Amino acid sequence: MSVNQRLQFFFLNFGLLSLLLTGCTQHNPAKRASVIEVPQGWFLSANNSSVTYLQAKEEKQGYKIDFKRTSMEDGDAYYIQIAESIFPNRKKIRQVEQNGQIGWYFERKWWFKEHLGYRIPYALTGDTVNFYLKKYQMFKKELKHRRALNPRVRDYKDRVEFSYIAKVIREQGSAQAKAPQGSQRDILRVQLKMKWYLFCGQPCGWGFEKTREVIFSGRNKIIEIRGDGASPVWISSPETRYAPHQWISM
Numbered sequence: 000m001s002v003n004q005r006l007q008f009f010f011l012n013f014g015l016l017s018l019l020l021t022g023c024t025q026h027n028p029a030k031r032a033s034v035i036e037v038p039q040g041w042f043l044s045a046n047n048s049s050v051t052y053l054q055a056k057e058e059k060q061g062y063k064i065d066f067k068r069t070s071m072e073d074g075d076a077y078y079i080q081i082a083e084s085i086f087p088n089r090k091k092i093r094q095v096e097q098n099g100q101i102g103w104y105f106e107r108k109w110w111f112k113e114h115l116g117y118r119i120p121y122a123l124t125g126d127t128v129n130f131y132l133k134k135y136q137m138f139k140k141e142l143k144h145r146r147a148l149n150p151r152v153r154d155y156k157d158r159v160e161f162s163y164i165a166k167v168i169r170e171q172g173s174a175q176a177k178a179p180q181g182s183q184r185d186i187l188r189v190q191l192k193m194k195w196y197l198f199c200g201q202p203c204g205w206g207f208e209k210t211r212e213v214i215f216s217g218r219n220k221i222i223e224i225r226g227d228g229a230s231p232v233w234i235s236s237p238e239t240r241y242a243p244h245q246w247i248s249m
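Quick note: the sequence shown uses numbering that gives the first Met the number 0, first residue 0, plus one each step.
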């Protein structure tokens, strides 16, 4: 094969490879993320895992869930989904991690510690919600399975309580006064609240409560994010029994 033939063969294959790579590249809706202004230290992930649940409410022996994402009418869905898609930069989380290398390879890092296989949230995101929703479903399934194997056993000590409430709060009066002078844009607040309590008998148990608030000054501008940071977690033990007022930092 001559030098010219080799060059033609190389460029032909290179062109085909480029075409294949271009055709197989996953569509990334980064344009949507780029038009949303977020405060320094956070970023909007176009790849965030969307929360598909709207609401769920049940309470039976051993498990309880109160899950509600406010009415998805009147544009509320847009703001809630944006609030659930904002992640802190990894360097912010590393400042409170026990080991700065934990989970460094995750693009969408939302936790700062792990406890018994559970990720303790630094920020409430769609990934956080889906993680604990799955944990709740697994616990419920396992509990039902054990009860089916031992139907005579009624007094199970294991119990889980999970709640997630997401809502849009439209500020009136005082909040509108905080808008830049001459601006007609509304200011609204998205509030995300999560509670996780897991009991494995007395006095075994652990849990946390966390709130995130995302303040919008317009449809495409976020001016403040509140609540992100290391979460206080309560852990009970024979030496330190759980009480509602007792919070023990991990």
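In this text, a Cβ means the ideal position worked out from N, Cα and C, and glycines have one as well.
Values in this document were obtained by computation on a predicted structure and should not be read as measured data.
Closest in alpha carbon position to A229, among R211, R158 and S44, is R211. Distance from the CA atom of F198 to the CA atom of G206, rounded to whole angstroms, is 9 Å.
Using a 10 angstroms sphere on the CB of K112, the tally of other CB atoms reaches 16 or more, which defines it as buried. For the pair Y121 and K143, the Cα-to-Cα distance works out to about 31 Å. DSSP, reduced to helix, strand and coil, places V34 outside both helices and strands of the structure shown, so it counts as coil. With contacts defined by Cβ atoms closer than 8 Å, G125 and S49 form a contacting pair. The Cβ-Cβ distance between P87 and G116 does not fall below 8 Å. Of all alpha-carbon atoms in Y52, R89 and E58, the one lying nearest the alpha-carbon of I79 is that of Y52. Distances from the CA of Q190 to each of H114, A165 and Q60 were compared; the closest alpha carbon is that of A165. If you ignore the 5 residues before and after E57, its C-beta comes within less than 8 Å of the C-beta of K63 and I64, all in its own chain and listed in chain order. By the 16-neighbour rule on beta-carbons within 10 angstroms, V34 is exposed. Residue burial annotation: M193 is buried, with at least 16 other C-beta atoms found within 10 angstroms of its C-beta. With 16 or more neighbouring CB atoms inside 10 Å of its own CB, K209 falls in the buried class. Nearest neighbour of F215 by Cα position, chosen from G226, V167 and W233, turns out to be V167.
Here E83 is near V128, since their CB atoms are less than 8 Å apart. Its chain contains F66, V128 and M193 as the residues whose beta carbon lies nearer than 6 Å to that of Y163, once the 5 sequence neighbours on both sides are disregarded; these appear in chain order.
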